[in-house]
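**Student:** Count the sequence shown with mature numbering (1 follows the signal peptide of the UniProt record, and there is no 0) and you get residues -23 to -1, 1 to 466, in order.
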Amino acid sequence: MEKGGHQWRRLHLLLALAGWGWGWTAQALPSNRSALLLAQRINEREGPFLGLVVPTSFEMDAIRQQTIFAPHPYIPWLDLAGRRFHIGTIQGHKVVLVQSASAMLNAAITTQQLLDFFDINGVLHYGIAGSANDSLTIGDISIPKYWAHTALWNWEKFSNGSGHLLSSGPNGDFTQDLGHLHFSDFAYPNNGHSQNLLTSVWSQPEDVLKVSGTPEVRSRAFWVRVDKRFYKAAKTLEGMELTSCFNATTCLSIRPKVVVGLRGASSNIFVDNAAYRQFMFQTFRVSSVDMESAAVALVCYSNEVPFIVIRSISDSAGNAEGANEVSAFKNLASLNAVKVLTQFLKALPKQDSPHDQGMILICARAARAMATKLTSVLKPRKKGMSPQKKKKKIILSDADQAIGASEKRVARALVYPSASSTDVAEDEDDVEEMLRQFDLDAKFGPCVGLSRIERWERAQRHGLCPPQNIRDVLERVGGEPNCLWEGRV
């Protein structure tokens, strides 16, 4: 976070003078666009990040109580679209932490906003859950391998009776392959001949539009698998010691454990019913149930972003006698979830630096934009076009093609045409025009008060991808050392 620290300090001073305090709130700015532009700048200078999505306030409080989150010293949060995105580090990983609020819709919207606003290379989701598996007890941690939304239903008509096909639906594709809940199976007393006007509901897969797919052409998904690299790191956590007591009156009778590799399910249902709990385990073999995780999983799956979920068991989902246990054990469960999250981040290799993969896409996109911008500047004359100018045109075209073919190539050396000593001797006007374009590009910061080469080196230090050929021109050929604004402002 020290990189560019003096610029962050200058920015924060301006914010303080404007009365905006230590964080940025979109509503306090002239428009939401201002906050989005700041998010873009944060991405360029600090990204990429791991995204942390937390459902509720008491689960967020657990991470604050552990004091493992170190906020960014100058931009500790950014308020956008009704949510506060906390920017900082945990265990050396740069993270953006956000609270979604409970249930599937909030979790999905928040995760998509996180991916849209910030440069995120992986999403971690943690919280509490109910146990659908007798082998998972309160305080245990479940890190499932697969997630599903199990309450997307086709509700069968009573007149259908047993063995009938479902209505075809708008796309003719409702399925009976995933499992169904037949309500008469749960009649009490059940004499084997009971009927129920509610008949049955049949679970359906989700329609998914993937970022790499054809727009408006869906794929379908029911079970979504967590990222393999994250899963490998999670496997190392089995056997770690968890907390058994939250305070003097809230303790567990069984030592909690970490279990990796089960299945989890989510829906807009708080499960506090033993019969439904049993149905979920027997039909889908799920071990934990909650109200958000599958939404996070499906958004990440659609965006092709790695994810993993850590859920701590806070209750037995209706299997215990008396009141549900969540009120008594939610804080202890949240504490264990954060403890495992911390160890997971220790086990996870650090992210690439901004000068590696995290910045390559930014450089490539910037190169594409600059190449387009320079096409008019470097357009050959209609008459007497020299071989050198032909060469420049070809190089620019190759640059644009290289960027489009592979975003994994750093394209900054291809932004401007090559300039050898011979080229410059013959086309000094073109070289000066290149330098003028460099001066006019606000992306590389102010140019008054320092030379062109000093401005290039400053931009390089802050990961802004200044064109390498500009430095080559300034070092080997020379040209006016100061920018065109020097002495005018």
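Backbone N, C-alpha and C define an ideal beta-carbon position, used for all residues, glycine too.
Which residues does DSSP pair with Ile246 in a beta bridge?
**Tutor:** Residue mapping note: residue 246 aligns to position 269 of the sequence shown, counting from 1. Beta-bridge pairing links Ile246 to no other residue.
**Student:** Less than 8 Å separating the beta-carbons of Pro121 and Gly241?
**Tutor:** Reading the sequence shown from its first residue, position 144 is the one you call residue 121. Reading the sequence shown from its first residue, position 264 is the one you call residue 241. In contact: Pro121 and Gly241 (Cβ atoms closer than 8 Å).
**Student:** On the criterion of 16 or more Cβ atoms from any shown chain inside 10 Å, does Lys367 qualify as buried, or is it exposed?
**Tutor:** Taking the first residue of the sequence shown as position 1, residue 367 is located at position 390. Because the pLDDT of Lys367 is 41, which lies under 50, any placement of that residue in the model is unreliable, and the question is left without a value.
**Student:** Where does Ser171 land, buried or exposed, given buried means 16+ other C-beta within 10 angstroms?
**Tutor:** Counted from its first residue, the sequence shown places residue 171 at position 194. Burial call: exposed.
**Student:** Straight-line CA distance for Ala432 to Pro283?
**Tutor:** Translated into positions along the sequence shown, residue 432 becomes position 455. Translated into positions along the sequence shown, residue 283 becomes position 306. A small fix is needed here, since residue 432 is Arg in this sequence, not Ala. Their backbone Cα atoms lie some 37 Å apart in a straight line.
**Student:** Phe151: which of Phe135, Tyr123, Pro182 sits nearest, CA to CA?
**Tutor:** Your numbering for residue 151 matches position 174 in the sequence shown. Looking at the Cα atoms, Pro182 is the closest of the given residues.
**Student:** Between the C-alpha atoms of Ser311 and Val75, what's the straight-line distance to the nearest angstrom?
**Tutor:** The count along the sequence shown starts at 1 and reaches residue 311 at position 334. The count along the sequence shown starts at 1 and reaches residue 75 at position 98. Rounded to whole angstroms, Ser311 to Val75 spans 16 Å at the Cα level.
**Student:** DSSP beta-bridge partners for Lys71?
**Tutor:** Counting from one through the sequence shown, the residue named residue 71 turns up at place 94. Answer by DSSP bridge pairing, in chain order: Thr66.
**Student:** How big is the Cα-Cα spacing for Phe95 and Glu23?
**Tutor:** Counting from 1 along the sequence shown, the entry for residue 95 is found at position 118. Counting from 1 along the sequence shown, the entry for residue 23 is found at position 46. Rounded to the nearest angstrom, the two C-alpha atoms are 10 Å apart.
**Student:** Considering only residues of the same chain and omitting the five flanking positions on each side of Ser383, which have a CB-CB separation below 7 Å?
**Tutor:** Counted from its first residue, the sequence shown places residue 383 at position 406. For Ser383, the predicted structure reports a pLDDT of 35, less than 50, and the residue's modelled location is therefore unreliable. A value from the coordinates is still provided. Correct list: empty, nothing qualifies.
**Student:** Enumerate in chain order the residues of its own chain whose CB-to-CB distance from Phe46 is below 8 Å, with the five nearest sequence positions on each side excluded.
**Tutor:** Reading the sequence shown from its first residue, position 69 is the one you call residue 46. Excluding residues within five positions, the ones whose Cβ falls inside 8 Å are Ile40, His63, Gly65, Thr66, Ile67, Val72, Leu74.
**Student:** Please state whether DSSP places Cys277 in a helix, a strand or coil.
**Tutor:** In the sequence shown, residue 277 corresponds to position 300, counting from 1. Helix.
**Student:** CB-CB under 8 Å to Leu427, same chain, minus the five flanking residues each way: which ones, in chain order?
**Tutor:** The residue given as residue 427 occupies position 450 in the sequence shown. So the list reads Arg435, once near-sequence residues are dropped.
**Student:** If you draw a straight line from the C-alpha of Ala5 to the C-alpha of Ala16, how long is it?
**Tutor:** Working through the sequence shown from its first residue, we reach residue 5 at position 28. Working through the sequence shown from its first residue, we reach residue 16 at position 39. The pLDDT assigned to Ala5 is 42, lower than 50, so where the model puts this residue is not dependable; a value taken from the coordinates is nonetheless given after this. Each residue's alpha carbon lies about 15 Å from the other.
**Student:** Go ahead and pull the three-state DSSP assignment for Trp433.
**Tutor:** Translated into positions along the sequence shown, residue 433 becomes position 456. In the structure shown, Trp433 sits in a helix (DSSP, three-state: H, G or I).
**Student:** To the nearest angstrom, report how far apart Ala402 and Gly440 are at their CA atoms.
**Tutor:** As a working note, residue 402 is residue 425 in the sequence shown. As a working note, residue 440 is residue 463 in the sequence shown. Because the pLDDT of Ala402 is 34, which lies under 50, any placement of that residue in the model is unreliable, and the question is left without a value.
**Student:** Around the Cβ of Ala12, are there at least 16 other Cβ atoms within 10 angstroms (buried) or fewer (exposed)?
**Tutor:** Against the sequence shown, residue 12 aligns to sequence position 35. The residue is buried, with at least 16 neighbouring Cβ atoms inside 10 Å.
**Student:** Helix, strand or coil: how does DSSP classify Lys370 here?
**Tutor:** For the purposes of this step, residue 370 is taken as the residue at position 393 of the sequence shown. Note on Lys370: pLDDT 38, under 50, position unreliable in the model; no value is reported.
**Student:** Does the region 213 to 227 come within contact of the region 252 to 270, defined as at least 3 CB pairs closer than 8 Å?
**Tutor:** The region 213 to 227, when compared against the region 252 to 270, does not touch it at the 8 Å Cβ threshold.
**Student:** Among Val237, Cys460, Cys442, Val185, which has the Cα closest to the Cα of Thr213?
**Tutor:** As a first step, residue 213 must be located in the sequence shown, where it is residue number 236. Ranking the options by Cα distance to Thr213, first place goes to Val237.
**Student:** Is the separation between the beta-carbon of Asp117 and that of Ile287 shorter than 8 Å?
**Tutor:** If you number the sequence shown from 1, residue 117 lands on position 140. If you number the sequence shown from 1, residue 287 lands on position 310. No, these two residues do not count as a Cβ contact at 8 Å.
**Student:** Which complete beta strand (DSSP E) runs does the region 202 to 264 hold, if anything under 3 residues is left out?
**Tutor:** Segments of the beta strand (DSSP E) lying fully in the region 202 to 264: 235 to 237, 240 to 243.
**Student:** Can you tell me which of Glu218, His126, Thr319, Pro50 puts its alpha carbon nearest to the alpha carbon of Ala274?
**Tutor:** Numbered from 1 along the sequence shown, position 297 holds the residue referred to as residue 274. Of the candidates Glu218, His126, Thr319, Pro50, the one whose C-alpha sits nearest the C-alpha of Ala274 is His126.
**Student:** In the DSSP assignment, find the unbroken alpha helix (DSSP H) run with Ala448 in it and report its ends.
**Tutor:** Along the sequence shown, one-based indexing puts residue 448 at 471. The sequence given here places Arg at residue 448; Ala does not occur at that position. Where Arg448 is concerned, the enclosing alpha helix (DSSP H) stretches over 445 to 449.
**Student:** Going by the DSSP bridge assignment, what does Asn459 pair with across the sheet?
**Tutor:** For the purposes of this step, residue 459 is identified with residue 482 of the sequence shown, where counting begins at 1. Looking at the DSSP assignment, Asn459 forms a beta bridge with Ser428.
**Student:** Can you grab the Cα-Cα spacing for the pair His49 / Ile19, in whole Å?
**Tutor:** Here residue 49 refers to the residue found at position 72 when the sequence shown is read from its first residue. Here residue 19 refers to the residue found at position 42 when the sequence shown is read from its first residue. The alpha-carbon atoms of His49 and Ile19 are separated by roughly 11 Å.
**Student:** Which parts of the region 37 to 110 are runs of the beta strand (DSSP E), unbroken and 3 residues or longer, counting only runs that do not cross its ends?
**Tutor:** 54 to 57, 60 to 67, 70 to 76, 97 to 108
**Student:** Report the residue from Leu92, Gln437, Phe26 whose alpha carbon sits nearest the alpha carbon of Leu57.
**Tutor:** Position 80 of the sequence shown holds residue 57. Checking every option, the nearest Cα to that of Leu57 belongs to Leu92.
**Student:** Nearest to Leu175 by CA position, among Leu158, Asp184, Lys187, Tyr165, is which residue?
**Tutor:** In the sequence shown, counting from the first residue as 1, residue 175 sits at position 198. Of Leu158, Asp184, Lys187, Tyr165, the residue nearest in Cα terms is Leu158.
**Student:** Which whole-angstrom value is the C-beta distance of Trp179 and Asn131, which I expect to be below 8 Å?
**Tutor:** As a position in the sequence shown, residue 179 is number 202, starting the count at 1. As a position in the sequence shown, residue 131 is number 154, starting the count at 1. Confirmed, about 5 Å.
**Student:** Would you report the Cα separation of Asp154 and Lys420, rounded to the nearest angstrom?
**Tutor:** Here residue 154 is taken as the residue at index 177 of the sequence shown, counted from 1. Here residue 420 is taken as the residue at index 443 of the sequence shown, counted from 1. The straight-line gap from Cα to Cα measures roughly 54 Å.
**Student:** How many Å lie between Gln89 and Val31 at the Cα?
**Tutor:** Here the question's residue 89 lines up with position 112 in the sequence shown. Here the question's residue 31 lines up with position 54 in the sequence shown. In a straight line, the C-alpha of Gln89 is about 14 Å away from that of Val31.
**Student:** In this structure, how does DSSP classify Ala419 when only helix, strand and coil are distinguished?
**Tutor:** Along the sequence shown, one-based indexing puts residue 419 at 442. Three-state DSSP puts Ala419 in a helix.
**Student:** Is DSSP giving Ser161 helix, strand or coil here?
**Tutor:** The residue given as residue 161 occupies position 184 in the sequence shown. Three-state result, Ser161: helix.
**Student:** May I ask you to report which of helix, strand or coil DSSP gives Ile287?
**Tutor:** One-based indexing of the sequence shown puts residue 287 at position 310. Ile287 falls in the strand class under three-state DSSP.
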